[in-house]
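Asks:
Chains as they are written, first to last, in full-length UniProt numbering: chain F, 1 to 350; chain A, 1 to 350.
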């Protein structure tokens, strides 16, 4: 007997980049066909989203583009962020604060260098029960032996310390890529969660070596790291949840001498996930990983009645690209993950 | 007191890809300005160079393009290669045989899968004192945990076994990228040498993450690996020698969805090397690394009288690209290593 139809609630994507301007207008409506109905939106715009006002204005823009999606907004951790602003943000429904190490990924120039300077902010977040989202890498430093392959593992002690110092603060280690990260998160208390992307369940270092559309931060690592990510999803560990880190960039910025980091998965989140989870025997964990674990960790209400997606085992081709006009009126495109490949699961059109 | 002028013999590049057709005609004459006068030429053409005739015909083409360069030719290890062909090749002055693991790098589809099938060939090579050049990586295999980051380290046991079984066969581990490789080569006997490229003395994994012009095989590894390569050059170990693995590709094949592997260093070999060696305090080892160790290992005669290059500490800009017309008459270009950057050492024009 084989499963050919799956009915599940809409998925929740607890880490997504929806950009701004023309690119935002191009990618945000694609949420509608993806099976995702909750989008936890990253604040690394230019300039970064550092205030409640900015976050709410951004949310209003997104809501217009995808009225049926529930947008959860975040602030960018930076020296301007005060405990007062945290309390204000919480009242306004802002869900979390994202911390970027300086210079590590797209638009992270305003990122943090040390956490201790932010302890007042974290205390306020703990009080109002706001979530701290960590980009878990330390900056590369050849003198110290730090490079993209071990930057996450070397970060983990900071996660451990933050959790020790703020045991009630809900912290999510974002887009984990290593066995070490999986083990560290498992070893910590119930207030520490961990998001895993679609693409890190599929890629290893070989896949981005010479392949710009698979290049992202943190980079995909060793086969045993991918195996650990797959295993923790297969095991159904409740604190590991979907956050795609879908990060669209125009093709010309990827296929270039110096490529920007990011894999674009938004348009087909559930078909990708069903296909990939089935490939390692974890299809039965799809609802838990994509629709339940995150909601529980983020304390969201149960799915509304009728929030249902039907997946059918019918192949769908991933488009070669998604075209759009950029802010200068130039025709551009975004290349999705697995462009031109066939997925074994698709979303049934109602 | 600081060194501002260096006079040394022409360099010997014991690993270079000079391609064929239009690209060959574009890159081979660039040897003239590079400070290199001996070029040990890789046989991975389409089709691969597997016979003495092919190698001699290829050599004649190259010689026409750079009459002052001493071209040393190699054969591609494949099932067609017989002990008789080895003896014939040796008589014709072919210097070595190159072994590629199947599918690991550019035009390696004809590469080997197991060495034992070639033991008769190796025995003949040992008899005629021909050099075996090893691309030292095993093919990636996620099930076995093998990926581009550990493919070289996992290969080293094969080097060890080959040396044990053929202690008199001169073997060069090509383009070493890891501390493990340096240590293994050091631990073996005087018949085992090791080439190091210009770019692996400079790059780590971060440099090719999202940067196609730094992507090559084997990929650059961790900071401690680069440090080990630099240290063995600085130490002046006599069995570590220059082999640039300069591997030109047209820009459009690099800046693409799937990028081909290779870093192009031929036009400025000595200026690159002087600049990079000076950066880690090993400038005094330049003559030994680039002009002596290789000649000694390969048993070449002393440099001819008047084979002299003068390097001066005057900055030179690396060109953004080298234009050429491809075989279809299309204007193309090759982007060199450190394109647009400034080198601190240049070759004095006579």
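C-beta: ideal position from N, C-alpha, C; glycine also.
Have a look at A/225, A/328 and A/316 and flag the residue whose alpha-carbon is nearest the alpha-carbon of residue 340 of chain A.
Replies: The option with the nearest alpha carbon to residue 340 of chain A is A/316.
Asks: Pick out the complete alpha helix (DSSP H) segments inside the region 147 to 216 of chain A, 4 residues or longer, and give them in chain order.
Replies: Here the runs fully enclosed are 151 to 165, 179 to 187 and 205 to 208.
Asks: Taking 6 angstroms as the limit between beta carbons, can you name the residues of its chain near residue 233 of chain A, skipping five residues before and five after?
Replies: If we look at residue 233 of chain A and ignore the five residues flanking it on each side, its Cβ neighbours are 282, 285 and 289.
Asks: Whose CA, out of A/172, A/312, A/166 and A/336, lies closest to the CA of residue 127 of chain A?
Replies: Of the listed residues, the one whose Cα sits closest to residue 127 of chain A is A/166.
Asks: When you compare each of A/151, A/150 and A/185 to residue 164 of chain A by their alpha carbons, which one comes out closest?
Replies: Measuring from the Cα of residue 164 of chain A, the nearest candidate turns out to be A/185.
Asks: Which residues in chain F sit within 8 angstroms of residue 215 of chain A, going by Cβ to Cβ distance?
Replies: Simply 209 and 210.
Asks: With distances taken between CB atoms, is the gap from residue 178 of chain A to residue 263 of chain A smaller than 9 angstroms?
Replies: Taking 9 angstroms as the Cβ cut-off, residue 178 of chain A and residue 263 of chain A do not qualify as a contacting pair.
Asks: Taking 9 angstroms as the threshold (C-beta atoms), are residue 83 of chain F and residue 129 of chain F in contact?
Replies: No; because the gap between Cβ atoms is not below 9 angstroms, this pair is not in contact.
Asks: Measure the C-alpha to C-alpha separation of residue 133 of chain A and residue 260 of chain A and round it to an integer number of angstroms.
Replies: Straight-line Cα distance between these residues: approximately 22 angstroms.
Asks: For residue 298 of chain A, collect the residues of the same chain with a Cβ closer than 6 angstroms to its Cβ; drop the 5 residues on either side in sequence, then sort them by chain order.
Replies: Around residue 298 of chain A: no qualifying Cβ.
Asks: Could one say the Cβ of residue 145 of chain A lies closer than 9 angstroms to chain F's Cβ atoms, at least one of them?
Replies: Closer than 9 angstroms to some Cβ of chain F, the Cβ of residue 145 of chain A qualifies, so yes.
Asks: Can you check which of these residues, F/323, F/258, F/295 and F/328, is closest to residue 36 of chain F by C-alpha distance?
Replies: The shortest C-alpha separation from residue 36 of chain F is found at F/295.
Asks: Out of A/169, A/188 and A/87, which has the shortest C-alpha to C-alpha gap to residue 157 of chain A?
Replies: Considering only alpha carbons, the answer is A/188.
Asks: How about residue 204 of chain F: is its C-beta nearer than 9 angstroms to some C-beta of chain A?
Replies: Output row for residue 204 of chain F: interface = yes.
Asks: So that I know if they touch, is there some Cβ in chain F lying closer than 9 angstroms to that of residue 16 of chain A?
Replies: No, its Cβ sits nowhere closer than 9 angstroms to a Cβ of chain F.
Asks: Rank A/149, A/102, A/60 and A/144 by C-alpha distance to the C-alpha of residue 135 of chain A and give the top, closest one.
Replies: Among A/149, A/102, A/60 and A/144, the Cα nearest to that of residue 135 of chain A belongs to A/102.
Asks: Ignore the nearest five residues each way along the sequence and tell me which others in residue 208 of chain A's own chain have a CB closer than 7 angstroms to its CB.
Replies: Cβ within range, chain order: 214, 215, 219 and 220.
Asks: Report the neighbours of residue 222 of chain F on chain A: residues whose CB is nearer than 8 angstroms to its CB, in chain order.
Replies: The contacting residues are 145, 147, 149 and 150.
Asks: Since I believe residue 74 of chain A is in contact with residue 24 of chain A (beta carbons under 8 angstroms), could you give me their beta-carbon distance rounded to a whole number of angstroms?
Replies: Their Cβ separation, rounded to whole angstroms, is 15 angstroms, which puts residue 24 of chain A and residue 74 of chain A out of contact at 8 angstroms.
Asks: So with Cβ pairs under 9 angstroms, would you call residue 66 of chain A a contact of chain F?
Replies: Chain F, which has no Cβ nearer than 9 angstroms to the Cβ of residue 66 of chain A, makes this no.
Asks: Ignore the nearest five residues each way along the sequence and tell me which others in residue 344 of chain F's own chain have a CB closer than 8 angstroms to its CB.
Replies: Taken in chain order, the residues that qualify are 274, 275, 278, 313 and 315.
Asks: Got a sec, what are the start and stop residues for the beta strand (DSSP E) residue 96 of chain A sits in?
Replies: Per DSSP, residue 96 of chain A belongs to the beta strand (DSSP E) from 96 to 99.
Asks: Rank F/91, F/251 and F/150 by C-alpha distance to the C-alpha of residue 125 of chain F and give the top, closest one.
Replies: For the residues F/91, F/251 and F/150, the minimum Cα distance to residue 125 of chain F belongs to F/91.
Asks: DSSP beta-bridge partners for residue 70 of chain A?
Replies: Bridge partners of residue 70 of chain A: A/38.
Asks: Establish whether the CB of residue 226 of chain F and some CB of chain A are separated by less than 9 angstroms.
Replies: Yes - at least one Cβ of chain A is within 9 angstroms of the one on residue 226 of chain F.
Asks: Let me check understanding here. Comparing Cα to Cα, which of A/87, A/153, A/322 and A/62 lies closest to residue 268 of chain A?
Replies: Minimum Cα distance to residue 268 of chain A is reached at A/322.
Asks: Taking 7 angstroms as the limit between beta carbons, can you name the residues of its chain near residue 50 of chain A, skipping five residues before and five after?
Replies: 75, 76, 78, 80 and 81, listed in sequence order.
Asks: How big is the Cα-Cα spacing for residue 252 of chain F and residue 332 of chain F?
Replies: If you take the alpha carbons of residue 252 of chain F and residue 332 of chain F, they lie about 8 angstroms apart.
Asks: Which of the residues in the region 241 to 270 of chain F, read from start to end, lie with their CB under 9 angstroms from any CB of chain A?
Replies: Within the region 241 to 270 of chain F, the residues whose Cβ lies closer than 9 angstroms to some Cβ of chain A are 251, 254, 255, 256, 257, 258, 259, 260 and 261, listed in chain order.
Asks: Which same chain residues end up closer than 7 angstroms to residue 66 of chain F when comparing Cβ atoms and leaving out the 5 residues on each side of it in sequence?
Replies: So the qualifying residues of the chain are 28, 29, 31 and 32.
Asks: Can you confirm whether residue 356 of chain F, when its beta carbon is compared against all beta carbons of chain A, has any partner nearer than 9 angstroms?
Replies: The structure shown does not extend to residue 356 of chain F, since chain F is modelled only from 1 to 350, so the question has no answer here.
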